[in-house]
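Undergrad:
Numbering (my numbering), first residue to last: 6 to 356.
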């Protein structure tokens with residue numbers, strides 16, 4: 006799969022191959038997020054059209070402030086490239102695509118609103134009936150105010166109501182062997198379904214990475230849990246609902262935000278495990294820790310990977326070489342450390 010953008014928003018030029026693990030690294034406001042959103046947008050359009058055709062599009066400017074996007078599967082690549090701006094997606098059909106936004110964006114919502122956003126985005130939530138869905142929507146409207154829950158919803162969805170209210174601000178009991186953070190009620194139901202053996206092993210491996218090696222039972226307060234840790238929860242949600250599977254696409258926008266470097270390594274390990282099992286993953290990152298962890302785990306597992314540097318509106322891979330590109334990436338992202346070294350040198354000189 007290949008995505009090409011020319012003069013689209015902050016992007017001047019980008020041509021990116023998506024197969025296995027794709028990492029776009031660079032400072033903020035360099036176009037990383039734009040790539041992720043356009044990949045998601047074009048794949049979603051392709052899924053809606055149920056076609057393997059090439060998807061093309063452009064931004065149609067009506068005035069200085071108003072514009073609209075035009076997306077089509079009938080325009081050729083040659084015709085598209087004659088335009089002042091264009092985006093092109095080439096490649097095979099995708100059955101499932103999920104986009105997990107940066108925690109800084111997700112932080113503007115409550116946890117349950119985030120869950121609802123994921124649900125609305127690709128219908129990735131519990132296998133629940135219409136009444137429970139309505140309850141989720143009702144609860145997600147504004148949890149800062151006490152709302153009246155209609156009796157009919159409370160009666161029909163009492164267990165889900167209790168679980169959601171716990172997730173919003175109460176205690177969530179977690180035990181690795183019997184339980185998990187977000188799916189106390191549903192984990193057993195999912196495990197009893199007719200999953201293929203390799204699919205079950207894949208989920209068990211991924212959840213094992215999320216859970217860690219500590220067998221102790223702990224109590225978590227979701228209202229006090231770092232947003233970075235919740236990023237593991239979103240992956241858990243998608244895994245358990247079979248939204249992350251072989252040949253699906255997962256887009257992660259700066260997942261390292263709020264994650265301690267140690268957790269960034271764990272997250273990278275999980276991402277590589279997904280790729281190893283046939284998931285195509287795009288990671289946008291400005292963290293040298295996460296980029297290096299992804300590189301090392303990818304090499305360890307011998308998976309296909311492509312690293313790109315985002316800089317000044319261009320998304321580039323140096324001479325089609327990961328090693329050369331990574332060298333440029335670390336040089337770009339390690340600038341603050343160089344400033345620290347300069348400060349140390351200055352302090353030594355001044356005695």
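Cβ atoms here follow ideal geometry from the backbone N, Cα and C, with glycine treated the same way. Predicted model only: the values in this text are computed from it and were never measured.
With a threshold of 16 other CB atoms inside 10 Å of the CB of residue 265, please say whether the residue is buried or exposed.
TA: exposed
Undergrad: With distance defined between alpha-carbon atoms, name the residue in 282, 325, 17, 316 nearest to residue 307.
TA: 282
Undergrad: Three-state secondary structure (DSSP) at residue 103?
TA: strand
Undergrad: How many angstroms separate the CA atom of residue 269 from the CA atom of residue 244?
TA: 19 Å
Undergrad: So residue 43 and residue 8 are supposed to be a Cβ contact under 8 Å. How far apart are they, rounded?
TA: 7 Å
Undergrad: Per DSSP, residue 258 forms a beta bridge with which residues?
TA: 289
Undergrad: What span of residues does the alpha helix (DSSP H) with residue 271 cover, start to end?
TA: 266-281
Undergrad: State the CB to CB distance for the pair residue 59 and residue 21, rounded to an integer number of angstroms; the pair is presumed to be in contact (CB under 8 Å).
TA: That pair is no contact at about 15 Å.
Undergrad: Measure the alpha-carbon distance for residue 176 versus residue 263 and round it to whole angstroms.
TA: For residue 176, the pLDDT reaches just 34, beneath the cut-off of 50, and the residue's location in the model is therefore unreliable, although a value from the coordinates is still provided. Roughly 21 Å separates the two Cα atoms.
Undergrad: Assuming contact is defined by CB atoms lying nearer than 8 Å, are residue 41 and residue 280 in contact in what I supplied?
TA: no
Undergrad: Within this structure, are the beta carbons of residue 35 and residue 315 separated by less than 8 Å?
TA: yes
Undergrad: For the beta strand (DSSP E) holding residue 83, just list the boundary residues, first then last.
TA: Premise fails: residue 83 lies in the alpha helix (DSSP H), 82-85, not in any beta strand (DSSP E).
Undergrad: Jot down the residue ranges of each uninterrupted alpha helix (DSSP H) in the segment 299-339, minimum 4 residues, whole runs only, in chain order.
TA: 327-338
Undergrad: Excluding the five sequence neighbours on either side, which residues of its own chain have a C-beta within less than 7 Å of the C-beta of residue 37, listed in chain order?
TA: 29, 31, 289, 315
Undergrad: If you measure from the CB of residue 281, is any heavy atom of the ligand GTP nearer than 7 Å?
TA: This structure lacks the ligand GTP; in fact it carries no ligand of any kind.
Undergrad: Tell me, please, which residues DSSP counts as bridged to residue 18.
TA: 11, 319
Undergrad: Going by DSSP, name the residue or residues bridged to residue 2.
TA: With the chain represented from 6 up to 356, any question about residue 2 goes unanswered, as that position is not in the structure.
Undergrad: Have a look at 33, 330, 89 and flag the residue whose alpha-carbon is nearest the alpha-carbon of residue 311.
TA: Taking the Cα of residue 311 as reference, the smallest distance to any Cα among 33, 330, 89 is reached at 330.
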